[in-house]
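Residue numbers (this note's numbering), protein chains in the order written: chain A, 276 to 740; chain B, 276 to 740; chain C, 276 to 740.
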């Protein structure tokens, strides 16, 4: 099912260079510095329940496509906010198999075919006809020791797997992993959105909890900041090397102490003026950058997603159901307050992501090609795909170079897709480098060095691993 | 003049796949669900007057390019708003032939070469030297029965040809076609812009006329909506399966009944407040979506053109003279009111077009890859071209898949360019699919299935033909 | 080091066409109608000081990349605003050589390799190991007559080299060149930004000086405009054929005489209202367009750069230090006042540039494909690169054609990079044309004609050379 030359350009000369470059990185360990797998999997090391629960129900790439073509989320057994979840896993799998053609030309298809073949030895395209057989085969495999989370972790050659964790998280699973003696490196990432974004569900309770877990009085601006500092230190003790921030925009601010104090009071008491929620997020990015300058945690910003666009769906099924939609995102004016304050700091790594590809060549590459703190994250989310990765390289490299980028992130909650995603990235980078070599824009020895850098060296450096 | 491999990638392996795919769809019927041909041509079946009146004077792609290089519209015999139109057709043709080099690298050139060779047997590139001979040859052909509109319709293998018609249109030509017994399927499309856009020339008279033809009292909000509903029913009776809406932006609104009633009163009486014209268009998109949910007419939205940018030209020559210019277009926030209300409806097909290619991967593919009602129209107008189509596939497919698109629209008033335009689309789609196959991202049998889907199946389904 | 097929597509058929096209234009003279070289070089014809002063310290493409990776500008000997400049040129060169790998995949690397090999005969990639040897070799060469500015000018086959000069410039160097009897054609370009942009450093002194050099009373609107007219006439007498305008946006205005008079009074007296600075720039673009209609100087507009984004760097090192960042740029509404007034004028050439590539297909090609005065400048600044040029051709050609473009500009202050930059442009254009030929979208004889047009004919016509 999988051709060894997949994703390489068809031109024989270029393909042959791409294949050699890929061979040199294919078996390198996987470093996954940013993702959304569940640390409990590795703490408890229990079998995954069934193929549907593993492949379909947690993966919004899959069910959004099915939904767009009229398949209801109820019929797919997506959990509802009222706790209901029906649908027989076998029946859900059949629906999925019947609609497998919808994924033609998408990265989801590449990831799934890879997982089916490489992990389960399935050599036939999924279809209505073989749906039940595939289900059985995968289901049986999942009950075997080879498919326990830790066994897969080792099989995937994961050198590091970072999770994403709320600021108030106990990190108990990470601690349990460490205490277990298992050598797998599963690191937490500090993500404080839920105590910064006033519109986040449960914001006031989240603040309350932040006070409790930190032992700080979060009713004051100083106490709130101290609470965050303490939590960062706690994350760092537990292995974190990075923070992550998902904001509606890239807006930053640099308020005076009195302005910030007054703003926080309005935030804390809920007496918001128009624009306060956005201004607070903007100010917090600058505060968090300052904390990164102090504690050395690499800072990641993922702006530009309009969350929960489909109101009816959100009410019934909650967050992360495929209804987050990218919006135009401005970086140059938005980031200036933060960059004016910390942009020239040596001990600061600030990684920018985008969902707005028009910013690659216009804003992000020029910014990253100048400010010492800035690095560009890989093409993200909807753009984590062969065409998307290629556009990123084509549009960012000439201005930012390769060395202001940070390698690949899989950013996924679909654990079994991780090797497939990194494989796609290695192939696409090899193809891009091969084109530069074939067009005599890069020497072959340099391309081999770059292949290593893009696969392991840049990510290790940017995330201080 | 036309190479059989034109528009296929040069790489021999990819080209050979592309050629096979194209062979499988080359002779399929043409389905043209959206265009601007004149139904009277097919009702009356009279000869086209002369080559200049057929190829040059109605085609703003052609005369805008000539105008941009200093050729006056007067010298091309473009009709003026005061009724004047001078210029000898033969002389206009000579000017055109002399400037034929200006079209190098443009789709217009591809369409013209195709029409000249395939329809008129001209095997030499148009030039100053052969201008008169070509004119004579075409002119003579146009007087023969083979070149009457209905004969061409059949020769083009048109399965369906949709026209675009004002909401107040009598559809007399469509009725005459039907009554004639000729089997050609020429369908109307309901386009109510002229009774929705306050700034449309003659808006008040158009409203008046809407009241008359519908027998409704359009002085009230309810009467106005009922008039539109009646007109839609009339269009549907006469074969329409779709509506079309050309708005300055994609803005939608969902006002309360009392707000909408008050807004309409200001619109009707001409006592507009700032923003009313835009708000009314926004509200009407949502109203029209609701009507589509009820009557099943597929809804098409074409936003983002700044109409009549060149004031002096507009005053002398009127609309559609090549001075409509695309503008940045936002979809995510703009469409939310409409999508919140009707986005999850099963019986609703809403096709989006854009002139802002930066929205393909950022907004349109993510929206269409989620909402059940949404489909993406093909690359449109300035982007109906080999590079434009390729960018559309490259940027939309990985997120929206192929199955949230609707095949090709020619969108033209240049009747003789229709086979050429569909041929270009079939070739470019074949080339795109061939690259996916050559790079082992798609199986060959799937590519053949997709070629059929992109050519005939998706358009039939989306437009309910 | 340089392969003869560099920058040509790898596909053998396409490459062979590209090579033939390139051969036909490789040795044509270089026409450089827009750049930032120093006319004093050619007036005095003194040796360039040393490799570092020639290649590194004036080239913000180079030191911005080094700075982005933690190399301080002090260590590179970049001159400071307080006059300090330390750093041994040899040591700077070593730092540069050590970091040469950062330029992999960037156009800077292509330009440098070309200059090293073609001008200095260096056949080995620059590295830490050969840094000193390369420095010595270049340093020695620079002291020889063959490397004097005029000798290089002739060796580069420069037919025309335009500089960029302040409105108040004496043009003494241009006059000295002319008086010297040397035949090299070094032409000034009229750039009045410093007397139009209120926020330009020294704006009030600049105005004062404008009054002095013109002999006009610039305290009145009329006197100010007359002063500009006189300066334009002076530039024209000294060989200028063009003006250049670098604005933050493309905004234009068309105020009444009384509004403009009042606005200028506020500008002149420094009693600005909010928005006045921007409005004045907008109004001045329209005024300057009117002057171009009168005196025939070709007008160039370069909007969209956020200047001096890095405050700390600006304070220490001043302008043009790699911290100018592109921003989203709107053209359609912004240019309408100017185009409504002068867009249809026969004797007016208005060349638009952009740093926002999303405007190529959306705004610029549609505008240039309609308005007789408009032409598109080549891909600019960050986009003056193989991928950038290719995107420009791919995105602009189908709507604007080739003949609404103006050939290549090097826009550089790095004199030794000029042949390399034009060579890259000729190669990329040949590659683009070759693809059209290989895909049978353009006849081969037309491609050869176009290669000449894109290299020399269009630029001569657009700049009236």
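Built from N, CA and C at the ideal position, the CB exists for glycine as well.
Residue from the options whose Cα sits closest to the Cα of residue i
i	options	result
residue 454 of chain A	A/626, A/535 and A/513	A/513
residue 438 of chain B	B/477, B/497 and B/515	B/515
residue 400 of chain A	A/707, A/372 and A/670	A/372
residue 674 of chain A	A/413, A/492 and A/642	A/642
residue 457 of chain A	A/679, A/280 and A/316	A/316
residue 304 of chain A	A/424, A/561, A/721 and A/701	A/701
residue 697 of chain B	B/390, B/624 and B/618	B/390
residue 743 of chain B	B/607, B/656, B/633 and B/498	Absent from the model: residue 743 of chain B. The displayed extent of chain B is 276 to 740, so no value can be given.
residue 330 of chain B	B/693, B/738 and B/711	B/693
residue 679 of chain B	A/340, A/327, A/402 and A/297	A/340
residue 363 of chain C	C/356, C/326, C/398 and C/336	C/326
residue 624 of chain B	B/740, B/483 and B/381	B/740
Whether residue i touches residue j by CB criterion (9 Å)
i	j	result
residue 725 of chain B	residue 681 of chain B	no
residue 506 of chain C	residue 564 of chain C	no
residue 384 of chain C	residue 375 of chain C	yes
residue 686 of chain C	residue 659 of chain C	yes
residue 493 of chain C	residue 555 of chain C	no
residue 448 of chain C	residue 314 of chain C	yes
residue 699 of chain B	residue 653 of chain B	no
residue 408 of chain B	residue 708 of chain B	no
residue 519 of chain C	residue 575 of chain C	yes
residue 561 of chain C	residue 613 of chain C	yes
residue 684 of chain C	residue 307 of chain C	yes
residue 440 of chain A	residue 466 of chain A	yes
Residue i versus residue j: straight-line alpha-carbon distance, rounded
i	j	result
residue 611 of chain A	residue 640 of chain A	15 Å
residue 394 of chain B	residue 663 of chain C	39 Å
residue 345 of chain A	residue 621 of chain B	7 Å
residue 581 of chain A	residue 601 of chain A	6 Å
residue 502 of chain C	residue 736 of chain C	28 Å
residue 322 of chain A	residue 417 of chain A	6 Å
residue 531 of chain B	residue 605 of chain A	33 Å
residue 570 of chain A	residue 508 of chain A	8 Å
residue 354 of chain B	residue 548 of chain B	36 Å
residue 368 of chain A	residue 338 of chain A	12 Å
residue 351 of chain C	residue 586 of chain C	19 Å
residue 721 of chain A	residue 379 of chain C	8 Å
residue 633 of chain A	residue 446 of chain B	44 Å
residue 599 of chain B	residue 342 of chain B	14 Å
Neighbouring residues, chain A, relative to residue i (Cβ below 9 Å)
i	result
residue 282 of chain C	714, 715 and 716
residue 732 of chain B	What residue 732 of chain B touches in chain A: nothing, since even the nearest Cβ is about 12 Å away.
Partner residues on chain C for residue i, Cβ-Cβ distance less than 9 Å
i	result
residue 288 of chain A	285, 286 and 287
residue 657 of chain B	636, 637, 640, 641, 644, 673 and 674
Neighbour list for residue i in chain C, Cβ cutoff strictly below 7 Å
i	result
residue 586 of chain A	Result: empty, since nearest Cβ-Cβ is about 29 Å, beyond 7 Å.
residue 618 of chain A	585
residue 725 of chain A	379
Check your understanding: Can you list, in chain order, the residues of the region 634 to 649 of chain C whose Cβ is nearer than 8 Å to any Cβ on chain B?
Key -> 636, 637, 638, 640, 641, 642, 643, 644, 645, 646, 647 and 649
Practice item. Determine which residues of the region 528 to 548 of chain C have a Cβ less than 8 Å from any Cβ of chain D, and write them out in chain order. Key: The chain inventory of the structure shown lacks chain D, comprising the protein chains A, B and C.
Check your understanding: Looking at chain B, which residues of the region 316 to 350 of chain A have a Cβ within less than 8 Å of any of its Cβ atoms?
Key -> 339, 340, 342, 343, 344 and 345
Exercise for review: For the region 674 to 693 of chain A, enumerate the residues whose C-beta is nearer than 7 Å to any C-beta of chain C, in chain order.
Suggested key: 674, 676, 677, 678 and 679
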